[in-house]
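Chemist: Here you go, one structure.
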């Protein structure tokens, strides 16, 4: 989740509304608040020197970036190329979190929820130790602490608000209760929710350990989102909502295959975290953006947001996703405003902070505040 604004030199200043099109008709990035909900760390490596399959940054980008449509499995395989550079490195983890906030600030974001798996960045107190690492001294809890530090320092440096979502992984159900315990411990220290992510095409039925973690989340009042219906069937979305009690759905495109479920979620104002560019590159949606499920979401006035997913692997930015929605799907300024209000309404901030965020958006958009979507 991101919320974008044009900020003054100090503080947030007064967001200035700008047209989507410049005088020559070319797309111009909107200079008002925006609230993306589905964002992963882009894991830029500006410091650590570990053996990689390339000698220059440009060569590395060519290897990592998904240049043409593939599958979700192909996308997830990209992490094997570089994650060993970051995992287990305290300074790298903290710095990546800080630089993530810096990058979002440059995009005009005033609020962002970023998600990650603490276990995939650890090298001790995790079984198995990921990425072929030797055992070290960075535990999943250390990772959460380091990320919180980096985000907090970034908030102070760049005058934006950043919160995090901790991810369970579909292929590692033995980690899920540990993730839940970390969510509980850091619930008021920057962590706002739990997520279930991973390859739906391989794991379409939630493991009992995932269900147990989400039941505990409900009991403890921890917010819940689930990656579902991206490439997996509508039944995965149904399970996310009815069994895991998800409050938001990551992607959710396959919901449209079950019209009864879709109608139910529309009535519930379930929030869909839509990622236009990534969904075309993972094979989740047609290459023809005019046939993207978000077109139906828009027509039906669903509750959804536009997000970049993984900026590094998809080589995407908020500007590019918004530009694509404008040029290829016909989104207007008013529609962008509306979906950002939906995003803020569905964010996982405490109610007081959420109201303040919505107030900022309504003022920026010159809108009268309403509870209606």
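Residue numbers (the working numbering): 1114 to 1486. Beta carbons are placed, not taken as given, at the ideal position from N, Cα and C, and that holds for glycine.
(1) Three or more beta-carbon pairs under 8 angstroms between the stretch 1287–1306 and the stretch 1248–1262, yes or no?
(2) With three or more beta-carbon pairs closer than 8 angstroms as the criterion, would you say the stretch 1243–1250 touches the stretch 1260–1272?
(3) Between 1207, 1435, 1464, which lies nearest to residue 1336 when the distance is taken from Cα to Cα?
(4) Take every Cβ of the stretch 1302–1320, pair it with every Cβ of the stretch 1335–1349, and state whether three or more of those distances are shorter than 8 angstroms.
(5) From the DSSP output, read off the bridge partner residues of residue 1362.
(6) On the CB-based measure, 16 or more other CB atoms within 10 Å of its CB, does residue 1420 come out buried or exposed?
(7) Rounded to a whole number of angstroms, what is the C-alpha to C-alpha distance between residue 1391 and residue 1402?
(8) Residue 1327: which of 1311, 1349, 1293 sits nearest, CA to CA?
(9) In the DSSP assignment, what are the bridge partners of residue 1416?
(10) Buried or exposed: which applies to residue 1243, given that a residue is buried once 16 or more other Cβ atoms fall within 10 Å of its Cβ?
(11) Please confirm if residue 1301 has its CB atom under 8 angstroms from at least one CB of chain D.
(12) The beta strand (DSSP E) spanning residue 1226 covers which residue range?
(13) Between residue 1365 and residue 1409, what straight-line distance do the alpha-carbon atoms span, to the nearest angstrom?
(14) Can you tell me whether DSSP reads residue 1470 as helix, strand or coil?
(15) Starting from residue 1304, trace the beta strand (DSSP E) both ways and give me its first and last residue.
(16) Which value, in whole angstroms, describes the spacing of the CA atoms of residue 1213 and residue 1193?
Modeler: Well, looking at it:
(1) yes
(2) no
(3) 1464
(4) In short, these stretches touch, since the Cβ pair count reaches three.
(5) 1339, 1385.
(6) buried
(7) Here the alpha carbon of residue 1391 sits roughly 12 angstroms from the alpha carbon of residue 1402.
(8) Checking every option, the nearest Cα to that of residue 1327 belongs to 1293.
(9) 1384
(10) buried
(11) Of the protein chains in this structure there is only one, and it is not chain D.
(12) 1222–1229
(13) 12 angstroms
(14) helix
(15) In the DSSP annotation of this structure, the continuous segment of the beta strand (DSSP E) that includes residue 1304 starts and ends at 1304–1310.
(16) 20 angstroms
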